[in-house]
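Per UniProt numbering, the very first residue in the sequence shown carries number 14; after that it's consecutive. Don't be surprised by glycine CBs; every beta carbon is placed ideally from N, CA and C.
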Amino acid sequence: GNQQQVEANILLLGAHDVGKSALTVRFLTRRFIGEYGDIESVYSRVDKIDGQEICFNIWDSQSTQAGSLSDKRLQWADGVILVYSICDRGSFDSVRQQLQQIRRSRKSVPVVIVGNKRDLQHHRGVSSEEGRLLALLERCGFFEVSAAETYHGVLLVFYQLVDLVRETRALR
Ligand code: GDP
Ligand code: MG
């Protein structure tokens, strides 16, 4: 078949320092570089998944307060990755708040919740069960990953979200 390229606009949101840029860079380059500037930027990567070309446009947000989440970004997004750090309970609370905000303006946009920094088990402040339960109640995808340690888990996050984006489009 002569299938057209699919565009997927993916927005990363979450508190400061949870690893949004680390996840973005891991996905784009397969690498973890350790230090990232706090730059607001959109990056692209084209992948072939099941014979279909997918263009991932990834908006790596600057860390903003939950209350100041600009609607422009939300309107742009086909899917949202909401990131917290498993070591930072405050960042998990931010995910809850941002989720409510997202639901107010984009009721049915697909969301995947990501608990990052899974490598830091000894500093864990949010259990896997809490993360999974929130995702279940809010009908979101859920992963715990370590951007520092593995590429594969990060890849699964983006791939699941793009699957959800395509399902949502097919329903329209
Ligand atoms: P952002 O503010 O959400 O974009 O967070 P960054 O991507 O800039 O990461 C903040 C800090 O956490 C940096 O020092 C990263 O090296 C570190 N970091 C990011 N992901 C991980 C991870 O999975 N494990 C560990 N141990 N550190 C991480
Ligand atoms: Mg960043």
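At which residues does the alpha helix (DSSP H) containing residue i begin and terminate?
i           : result
K33         : 33-42
residue 187 : Residue 187 cannot be examined here, being either before or after the span of the chain that is shown, 14 to 185.
To which residues of the same chain is residue i closer than 7 Å at the C-beta, ignoring the five residues directly before and after it?
i    : result
K33  : L25, G27, D73, S74, V96
V167 : L36, R39, F40, V158, A160
Q65  : Q16, V19
Q173 : V125, G154
S104 : G27, A28, V31, Y97, S98
What first and last residue would you give for the beta strand (DSSP E) that runs through residue i?
i    : result
I115 : Note, I115: premise wrong, no beta strand (DSSP E); alpha helix (DSSP H) at 102-118.
E143 : Premise fails: E143 lies in the alpha helix (DSSP H), 141-150, not in any beta strand (DSSP E).
L95  : 92-98
Which residues does DSSP list as the beta-bridge partners of residue i?
i    : result
E180 : E180 pairs with nothing; no bridge assigned.
K61  : E66
W72  : L24, V55
F156 : V127
What is the C-beta distance between residue i and residue j, in whole angstroms, given that I count them as a contact (C-beta under 8 Å)?
i    : j   : result
G138 : I99 : 7 Å
N70  : I23 : 7 Å
Within a Cβ cutoff of 6 Å, which residues of the same chain sit near residue i, ignoring the five residues on either side of it in sequence?
i   : result
L87 : S118, R119
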